[in-house]
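First to last, the sequence lines map onto chains A and B.
Numbering-wise, the numbering used here puts 710 at position 317 of the first sequence, and it's gapless, one number per residue.
Numbering-wise, the numbering used here puts 825 at position 432 of the second sequence, and it's gapless, one number per residue.
One structure is given below, encoded as structure tokens.
2 protein chains.
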Amino acid sequence: MRNAVGREIPEEIAGRKLITYNGPFSFKPDKRQYGKPLKCVFPDEKKLLPSIRDAIKKVGLEDGMTISFHHHLRNGDAVVNLVVDEIAKMGIKDIKLAPSALFPVHEKLIEHIKNGVITSIEGSLNGPLGEYVSKHGLKEPVVLRSHGGRARAIKSGELHIDVAFLAASIADEYGNCNGMLGKSAFGAMGFAYADALFADNVVVITDNLQPYPVIPISIPQIYVDYVVQVESIGDPSGIQTGTMQITRSPARLTIAKNVVKFLAKAGILKDGFSFQAGAGGISLAVTKFLHEYMKENGIVGDFVMGGITGFVVDMLMDGTIRKILDAQSFDLKAVESIAKNAGHVEVSHIMFGDPHTCGCVVNRQNACFLGATEVDLNFNVNVNTHSDGLLLHGIGGHQDAAAGSDITMITVPLLRGRLPVIRKEVTTVSTPCQTIDVIVTDRGIAINPEREDLIEEVKGKIDIVDIGELYKKAINLVGEPKEPKLSDEIVAIVEYRDGSVLDVIRKVKE
Amino acid sequence: MRNAVGREIPEEIAGRKLITYNGPFSFKPDKRQYGKPLKCVFPDEKKLLPSIRDAIKKVGLEDGMTISFHHHLRNGDAVVNLVVDEIAKMGIKDIKLAPSALFPVHEKLIEHIKNGVITSIEGSLNGPLGEYVSKHGLKEPVVLRSHGGRARAIKSGELHIDVAFLAASIADEYGNCNGMLGKSAFGAMGFAYADALFADNVVVITDNLQPYPVIPISIPQIYVDYVVQVESIGDPSGIQTGTMQITRSPARLTIAKNVVKFLAKAGILKDGFSFQAGAGGISLAVTKFLHEYMKENGIVGDFVMGGITGFVVDMLMDGTIRKILDAQSFDLKAVESIAKNAGHVEVSHIMFGDPHTCGCVVNRQNACFLGATEVDLNFNVNVNTHSDGLLLHGIGGHQDAAAGSDITMITVPLLRGRLPVIRKEVTTVSTPCQTIDVIVTDRGIAINPEREDLIEEVKGKIDIVDIGELYKKAINLVGEPKEPKLSDEIVAIVEYRDGSVLDVIRKVKE
């Protein structure tokens, strides 16, 4: 079946029936939340166990089960490797990994894929693991979901988790925990909520056991079966990866300035403004320039949703925004802020972007500024693969923010080195054209023709070009890039946040 | 079947199959949590409705459905009457009411029982409604549950709620809300969590609509289908009922002092101490005397769980305790504190006392001090009925606190007027003997003979009497009270917190 972004989607892959994507607001669920088993812990029972191995035994982990992790420690995480190594040592095989995301620090999992410990992954892949999947595939295709889509899939039982192993930077022996305090503090713990609420078993892993009751309570004791203390859950300095630096490129700074200019001219930048900004170099610059503009013009925003950085914290501190809703803290300044500022509030990724709730936060956002590896003439966006076909990034909150925000702006340079970013067709559709409004490049701004209201609003106030013009400019400069060499084998499925399928990713021929 | 507190329990009442109570820690659940329907609210959809009637229509309330409420505004609540009046006006009949509790302010519901709007109640009954049920019964027996038991029943789907109407003293138009701020602030909103999480539909009713996003977020938007603004959700001065005054009776002050003395002599009062105190006059005095004792002796407690009063807030303020876990604020000083003190934390009644979780807070309590209408020679406790058989009170957190705490102390005068409190057999078993440890009266202290450890601990340090002695003392003074005149008809079921049945309550002959 050809779906609403023009991609041919098989009816079934590896026994999994696929739902065809029919548009961002076409699918209404008729099912129920997953009902996890009722538990019972009597007053004399203890939950603190001496080791990860004990926890694996106690929860009864077996061949073929699914385990999950959050990625709040990002490239500093130690817990995924600790747990999977232990599982491997115990001789358990055929595990489905359901992390919110994996990073280069998890490269050694490739060894556990090769030895049959891990045979399936549903989760975002950043870097080496994605590249491995692109070149080799797993027994089943990897399922890629947005942050909101993952929460939805877990809540509905589509992604059934047998055991969630949740890193916490502080916990008590009964499982109350958070990520805001302690030597390994990583801030908001938004990913962990869906796992805690709907996994059949939950193990909290901490390197900072404190007297009962630990507060603030991000994940409460009632969801936690066991607690294990380890020496280190990871290195929080790994949270701030390369993408957390503000851009120094003049071209990219121009893009950021143009975003603010566009919002101002379009009449969107006014009291009550709300937005979501990511952590890429351009997004950080947008946040900084927005801050400056709002302050200069006495505009006070209602909230910022994130992925929160120190640049957003600065806005809260001087009253340029009233509140921060934080599902994931992107730098150590944000980590510090969430622990001490009452206006900086932790929210789950269910709250952030799960489309099958009574309304998530993205629905309330005026604007979002997102990156892309490619954008095409139809305004479809790719964030997963590069033009060579390699799967190197997760979807993140991209689909969610784009679907919910009044205006979704993609901030991209026209060229990356010798590669054009605007393509005839994106290599992979990560976020559908129906939810993308404006493409801001260093060589011009294009508006999705479906947004006639927006085109009308900025007419005569700001220069707009046809996206075809941007495409031609790029091709004139660098030519069309080589088509990726792909086999027919499907190595990954790109789910839309509602569970329908946007695209598939095929194996790259070496 | 005769159950483990010696009561004859029918196998079935009105089509409801009953599970026999076999002891406080005998029943392990093998079922799953209720899976509520997945929802979907697209970005352009609004949730704020102009009236309660609109909300009732939108959620599709029909004859025979179940609606729920929390009772945080206690005798000041306006929302139950507002909603039920509207339902009656709309001609909807045969409604099951599932409030956490009803108070004298809800007496007018009797009219809606008589006219067939309400035909069934599962919830605590305080005062006139209980008396009405005692004398007349409803179509089905009322089901009485503890706070933890109610949370469990809702979570498991045993108590299925079609629509929860949740009063909030502040809310935004998307449903984020709490009870801590605003003119009608009532503090913690612990009861509302189970309803929000597991009711098929949730309507937030507020008299204080504020810009999005309202924080702190007690109930998040993702659970809230609709929001309605009304003129007043009630009068918070009704939270502080008569029982919120510290006792002035010398006999009862003696009881309170004896509780502290007992705890001290039994070696329980030491650093890390934790307790739950209720709101009765004696409990308040216990809290005050505990505070004084701990302060004098440099003892710092880990936490107090409540039902929180200003007396507990005082302990937090001067560092006598480290944290307050608050599911229900019992006076306005507690309401004020939860809104501003970081160490005063809201928790749900799932967290407080639901036995079918990974462990609730009561499991962690060193001690609790609870009242009773009657105690019997077997140490069973009645809090529901009076000796004349009238149902006048809910179970509250009594069963939960008693089951979880290391030591459960019942604080009662030997006599209430001309009525003895110690009975051969309690009129109704509300909390089972297996969870009751010490009876502290103004005429002596009795220890449950099953607690040999405790008897050993205080031997020679404190005078202990046999409970039979206390009974005889009372009977010598006032004689046996008249047996209540009861018919065979069962008007209420007393569930234990795990869902098994402790006792039934029979109709009182007029």
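For glycine and all other residues, C-beta sits at the position ideal for the given N, C-alpha and C.
M394 (chain B) burial status per 10 Å Cβ neighbour count (16 or more: buried): exposed
Residues within the region 743-775 of chain A neighbouring chain B, beta-carbon criterion of under 8 Å: I743, M744, D747, P748, H749, T750, C751, G752, C753, V754, V755, N756, R757
Chain A contact for S517 (chain B) (CB, 9 Å cutoff): no
Cβ-heavy atom distance, I554 (chain B) to the ligand SAM, below 8 Å: As presented, the structure is devoid of all ligands, the ligand SAM included, so that no description of it is given.
Proximal chain A residues relative to Y586 (chain B), where beta-carbon distance stays under 8 Å: Residues of chain A passing the Cβ test: none, with the nearest at roughly 10 Å.
A796 (chain A) at chain B interface by Cβ criterion, 9 Å: yes
Residues bridged to F619 (chain A) (per DSSP): Before going further, note that residue 619 (chain A) is Tyr rather than Phe in the sequence given. Answer is A:V596, bridged to Y619 (chain A).
Residues within the region 429-460 of chain A neighbouring chain B, beta-carbon criterion of under 9 Å: K429, P430, L431, K432, C433, V434, F435, P436, D437, E438, K440
Boundaries of the alpha helix (DSSP H) in which N747 (chain A) is found, first to last residue: Residue identity differs from the one stated: residue 747 (chain A) is Asp in this sequence, not Asn. Unbroken run through D747 (chain A): none, as it is neither H nor E.
Interface residues of chain B facing G568 (chain A) [CB-CB closer than 7 Å]: C751
Span of the alpha helix (DSSP H), counted from its first residue to its last, around S676 (chain A): 674-689
Span of the beta strand (DSSP E) around R400 (chain A): R400 (chain A) -> no beta strand (DSSP E), and no H or E assigned at all.
Opposing strand residues paired with H737 (chain B) [DSSP bridges]: B:I717
9 Å Cβ cutoff, D628 (chain A) in contact with chain B: no
Whole-angstrom C-beta distance between P417 (chain A) and H749 (chain A), which should lie under 8 Å: Contact doesn't hold; Cβ gap of about 13 Å is too wide.
For A732 (chain B), the nearest candidate out of B:D456, B:G746, B:M573, B:I675 (CA to CA): B:M573
I610 (chain A): contacting residues in chain B (beta-carbon distance under 7 Å): V738
Neighbour flag for K548 (chain B) against chain A, beta carbons, 9 Å: yes
Spatial distance of K548 (chain A) from R425 (chain B) (CA atoms): 14 Å
Integer-rounded CB distance, given that G699 (chain B) should sit under 8 Å from V705 (chain B): 6 Å
Cα-Cα separation between G892 (chain A) and I412 (chain A), rounded to whole angstroms: 7 Å
Helix, strand or coil at L709 (chain B) [DSSP, three-state]: helix
Cβ separation of I838 (chain A) and D856 (chain A), assumed to be a contact under 8 Å, to the nearest whole Å: 7 Å
Any chain A beta carbon closer than 9 Å to Q633 (chain B): no
Three-state class that DSSP yields for S963 (chain A) in the structure shown: Lying before the first or after the last residue shown, residue 963 (chain A) is absent from chain A, which here runs from 394 to 903.
Residues that R425 (chain B) contacts on chain A, provided the C-beta gap is smaller than 7 Å: G428, K429, P430, L431
Closest Cα partner of H779 (chain B) within the set B:E479, B:G673, B:I898: B:I898
Where I848 (chain B) sits in the DSSP three-state scheme: helix
Best match in B:I610, B:A407, B:V473 for proximity to H737 (chain A) [C-alpha to C-alpha]: B:I610
C-beta neighbour in chain E for I701 (chain B), strict 9 Å: Among the protein chains in the structure shown, which are A and B, there is no chain E.
Among B:K852, B:A578, B:D555, B:P606, nearest to V740 (chain A) - alpha-carbon criterion: B:P606
Residues of its chain near I714 (chain A), where Cβ-Cβ distance is below 6 Å and the 5 sequence neighbours each way are ignored: G694, V697, M708
C-beta atoms of L466 (chain B) and F579 (chain B) nearer than 9 Å: yes
V620 (chain A) vs D565 (chain A) beta-carbon contact at 9 Å: yes
Three-pair Cβ contact test at 8 Å for the region 536-545 of chain B versus the region 424-442 of chain B: no
C-beta atoms of V652 (chain B) and V623 (chain B) nearer than 9 Å: no
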